[in-house]
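Here the structure is laid out as C-alpha cells; the discussion comes afterwards.
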Amino acid sequence: MTSTEFRQKQRHSRRAYINAHKKSIGKCFYCSFNKCYEILEYHHIQNNKSFNVGGKLGSKSIPTIQKEIDKCVLVCPNCHKMINIGYKIKKNFNIWSWLRERV
Ligand SMILES: [Zn+2]
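If you read the sequence shown in the numbering used here, its first letter stands for residue 885, the second for the next number, and so on.
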C-alpha cells in the first residue's frame, strides 16, 4: 500500500467513525431535528475546542477524535449558526414555532 492509499484509507475510516456516531445520536441536541443525521454538526458546549471534528482531521487518531467528540453536542446547522451568532437557545428549543413567531 502506498502512503497516499494509506492516508485515504485512514480518512475513510475516520469519516465512517464520525458518521456512525452521528447516526447513533441521530438528532439535534437542541431542537431534536432528526430527518438527516449526516448534516448534524459538532458543537463544543464549553470553550475547550482542540480541533474541529467536522473539519480536516489530518492525522488525528480515532481515540483523539472520540475525546473531542466527548466535549461536543450534535446540533443541526440552524441551531449551530444561531448559537454562533449569539442566540442563547435551550434544550427542546422548537425552531419551527420560533420561526412562526417571527413571520
Ligand atoms: Zn437544531
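All residues carry an ideal CB built from backbone N, CA and C; glycine is no exception.
As computed with DSSP, residue 958 is found in a beta bridge with 926. Secondary structure note for residue 934: it is in no alpha helix (DSSP H), with a DSSP letter that is neither H nor E. Residue environment analysis places residue 983 among the exposed positions, since fewer than 16 neighbouring C-beta atoms fall within 10 angstroms of its C-beta. Its chain contains 937, 938, 953, 956 and 958 as the residues whose beta carbon lies nearer than 7 Å to that of residue 926, once the 5 sequence neighbours on both sides are disregarded; these appear in chain order. Pairwise C-beta distances place the segment 910-930 in contact with the segment 968-984, as three or more of them are shorter than 8 Å.
Within the model, the alpha-carbon separation for residue 965 versus residue 985 is close to 19 Å. 8 Å or more divides the Cβ of residue 949 from the Cβ of residue 895. Here residue 960 is actually not in contact with residue 909; their C-beta atoms are around 12 Å apart, not less than 8 Å.
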